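Colleague: Numbering-wise (my numbering), the sequence shown opens with residue 318 and increments by one.
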Amino acid sequence: MDFIAIDFETANRYPNSACSLGIVYVDNQTIKDEKYFLIRPPIMNFDPNHIRVHGLTADDVTHAPSFKDVWEIIKADFTDTMIIAHNAYFDMSVLKACLKEYQIPVPDMSYCCSIPISNRAIKGERVKQSLKERTNFFGIQIEEHHHALADARACAELVLKSMEATGQHSFTEFQHAHPTLPVKRLSELKPMNSFSKEKKTAGRKFSQSIKIGDVTPTKEADESNLLYGKTFVFTGDLDSMERIEAMQLVVNFGGILKSSVSKKTDYLIIGTQDQALVSGKGISSKEIKARELQENGSPIKMLDETHFLRLLSEAKQSSSIKQ
Numbered sequence: 318m319d320f321i322a323i324d325f326e327t328a329n330r331y332p333n334s335a336c337s338l339g340i341v342y343v344d345n346q347t348i349k350d351e352k353y354f355l356i357r358p359p360i361m362n363f364d365p366n367h368i369r370v371h372g373l374t375a376d377d378v379t380h381a382p383s384f385k386d387v388w389e390i391i392k393a394d395f396t397d398t399m400i401i402a403h404n405a406y407f408d409m410s411v412l413k414a415c416l417k418e419y420q421i422p423v424p425d426m427s428y429c430c431s432i433p434i435s436n437r438a439i440k441g442e443r444v445k446q447s448l449k450e451r452t453n454f455f456g457i458q459i460e461e462h463h464h465a466l467a468d469a470r471a472c473a474e475l476v477l478k479s480m481e482a483t484g485q486h487s488f489t490e491f492q493h494a495h496p497t498l499p500v501k502r503l504s505e506l507k508p509m510n511s512f513s514k515e516k517k518t519a520g521r522k523f524s525q526s527i528k529i530g531d532v533t534p535t536k537e538a539d540e541s542n543l544l545y546g547k548t549f550v551f552t553g554d555l556d557s558m559e560r561i562e563a564m565q566l567v568v569n570f571g572g573i574l575k576s577s578v579s580k581k582t583d584y585l586i587i588g589t590q591d592q593a594l595v596s597g598k599g600i601s602s603k604e605i606k607a608r609e610l611q612e613n614g615s616p617i618k619m620l621d622e623t624h625f626l627r628l629l630s631e632a633k634q635s636s637s638i639k640q
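The following block contains the structure:
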């Protein structure tokens, strides 16, 4: 199998509340098989905001199997196969949280997000990161958006279109042609404890909906590392990772997150801006504020994604984070 595309829907803001799962199997540039499961969450608490997104209620899954039962059916498919999802941090957080809920060992598997995959194919075009916007760009129709199988199928087709656009015939070839593509291990994922209720309606982009206070350290940081105690603000979208992942890395190094720029800001991390949201100058209000502060003598540093990644690398080298 070349790769598997998946999509989870959840009953509420907690990642262990999976209520449906779509799986699409791709080989030789063709969708070979599909599976769809309704899942009974461990706690039958369906948030009305989530119901409005995917339409599933407690009544729909009362007699459905638990994730543990579903995993017994599909676990062999998740070994030695590339797993892809759109905004993979969400779906992989759900997967890992569900495994933890039932004390199931985390499989030895790699995953990738279809956002950076499709970034390699849109050739600099300004296209929003949502599944709907990316599939529209490639002329892909989503039959029923936020139905887990329909979204998994759309994700698979988005990857296939990206491969076609860049001239590769398998995902392995695509990886070799794009060596900076962020492929990650599920075992290394630090999942969120909860997601904000707007996660789906905001195009499933956590950068639009995550609360700063929800991002807490998962490791104890060495106070001597160069990011410890530094204040960070983010603006725009990153290509190499989701904004929430970048935020998690910062707080794990002892950094402090803020939602707005001030005289106390040490770093403004600048990603790609949605031109529909920024001013006529093409830059965000945060960047405008940071430039004004710099002109008035503030030592705030503005870093693009490349320099931010370099800063993280330097912090890792200078720090011995306690396990």
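No residue lacks a Cβ here, since even glycine has one placed at the ideal position from N, Cα and C.
None of the values given here were measured: they were computed from a predicted structure.
1) Taking buried to mean at least 16 other C-beta atoms within 10 Å of its own C-beta, is Pro365 buried or exposed?
2) Just to confirm, are Ala414 and Tyr331 a CB contact at a threshold of 9 Å?
3) For Lys392, count neighbouring Cβ atoms within 10 angstroms of its own Cβ and tell me buried if that reaches 16, exposed if not.
4) Quick check on the DSSP output: the alpha helix (DSSP H) that includes Ala632 runs from which residue to which?
5) Mind checking whether Tyr353 and Ser334 have CB atoms under 9 Å apart?
6) Do Met409 and Ile421 come within 9 Å of each other at the CB atom, strictly closer than that value?
7) Is the beta carbon of Lys507 sitting closer than 9 Å to the one on Asn569?
8) Grouping DSSP H, G and I as helix and E and B as strand, with all else coil, what is Asp539?
9) Where does Ser410 sit, in a helix, a strand or coil, going by DSSP?
10) According to DSSP, what are the bridge partners of Phe551?
11) Could you tell me whether any Cβ in chain B is nearer than 9 Å to the Cβ of Asn333?
12) Just to confirm the assignment: which complete alpha helix (DSSP H) runs, minimum length 4, are found wholly within the segment 458 to 519?
13) What does Val343 pair with, by DSSP beta-bridge criteria?
14) Out of Asp350, Asn362, Glu481 and Arg502, point me to the one whose CA is closest to Pro424's CA.
15) Using 10 angstroms around the beta-carbon of Ala494, count the other beta-carbons present and answer buried if the total reaches 16, otherwise exposed.
16) With DSSP as the reference, please indicate the residues paired to Leu355 in a beta bridge.
17) What distance in whole Å lies between the Cβ atoms of Ile459 and Ala649, which are believed to be in contact at a cut-off of 8 Å?
18) Among Ile529, Asn510 and Gly588, which has the Cα closest to the Cα of Arg572?
19) In whole angstroms, what separates the C-alpha of Thr582 from that of Thr623?
20) Inspect the beta-carbon positions of Thr552 and Ser601 and report whether they are closer than 9 Å.
21) Once you ignore the five residues that flank Leu620 on each side, which residues in its own chain have a CB closer than 8 Å to its CB?
22) Distance, Cα to Cα, Val567 vs Asp376?
23) One question on the structure: do Phe363 and Leu355 come within less than 9 Å of each other, judged by their Cβ atoms?
24) Cα-Cα, which of Ala322, Gln590, Ala438 and Lys633 is closest to Lys297?
25) Would you check whether the ligand HEM has a heavy atom nearer than 8 Å to the C-beta of Ala438?
26) Which residues bound the beta strand (DSSP E) around Ala402?
27) Which partner residues of Ser427 appear in the DSSP bridge assignment?
28) Can you find the residues in the same chain that come closer than 6 Å, C-beta to C-beta, to Glu326, ignoring five residues on each side of it along the sequence?
29) Do you know offhand how far Asp539's Cα is from Glu562's?
Modeller: This is what the structure gives:
1) Burial call: exposed.
2) Yes, Cβ-Cβ distance for Ala414 and Tyr331 is below 9 Å.
3) Lys392 comes out exposed.
4) Following the DSSP letters along the chain, one finds Ala632 inside the alpha helix (DSSP H) bounded by residues Glu622 to Ser635.
5) Not in contact: Tyr353 and Ser334 (Cβ atoms no closer than 9 Å).
6) Ile421 is not a Cβ neighbour of Met409, given a cutoff of 9 Å.
7) Against a cut-off of 9 Å, the Cβ pair of Asn569 and Lys507 comes out as a contact.
8) In the three-state DSSP reduction, Asp539 falls in the coil class, being neither helix nor strand.
9) Reduced to three states, the DSSP call for Ser410 is helix.
10) Within the DSSP bridge table, the entry for Phe551 names Ile586 as partners.
11) Judged by its chain identifiers, the structure shown contains no chain B, having just a single protein chain.
12) Listed in chain order, the complete alpha helix (DSSP H) runs (minimum 4 residues) inside the segment 458 to 519 are 465 to 483 and 488 to 494.
13) Residue pairing from DSSP places Val343 in a beta bridge opposite Phe320 and Ile348.
14) Comparing Cα-Cα distances from Pro424 to each of Asp350, Asn362, Glu481 and Arg502, the minimum goes to Arg502.
15) With fewer than 16 other beta carbons inside 10 angstroms of its own, Ala494 counts as exposed.
16) Checking the DSSP bridge columns, you'll see Leu355 partnered with Ser337.
17) The chain is shown only over 318 to 640; residue 649 falls outside these bounds and no answer can be derived.
18) Note that residue 572 is Gly in the sequence shown here, rather than Arg. When each option's Cα is compared against that of Gly572, the closest is Ile529.
19) Rounded to the nearest angstrom, the two C-alpha atoms are 20 Å apart.
20) For Thr552 and Ser601, yes; Cβs fall inside 9 Å.
21) Contacts found: Tyr584, Leu585, Ile586, Ile587 and Leu628.
22) Distance between the alpha carbons of Val567 and Asp376 is about 41 Å.
23) Going by C-beta atoms, Phe363 is not nearer than 9 Å to Leu355.
24) There is simply no residue 297 to check, as the chain begins at 318 and stops at 640 in what is shown.
25) As for the ligand HEM, it is missing from this structure, which has no ligand bound.
26) Residues Ile400 to Ala402.
27) DSSP lists Arg502 as partners of Ser427.
28) For Glu326, where only same-chain residues beyond five positions count, the Cβ hits under 6 Å are Cys336, Ser337, His371 and Ala465.
29) Answer to the nearest angstrom: the Cα atoms are 19 Å apart.
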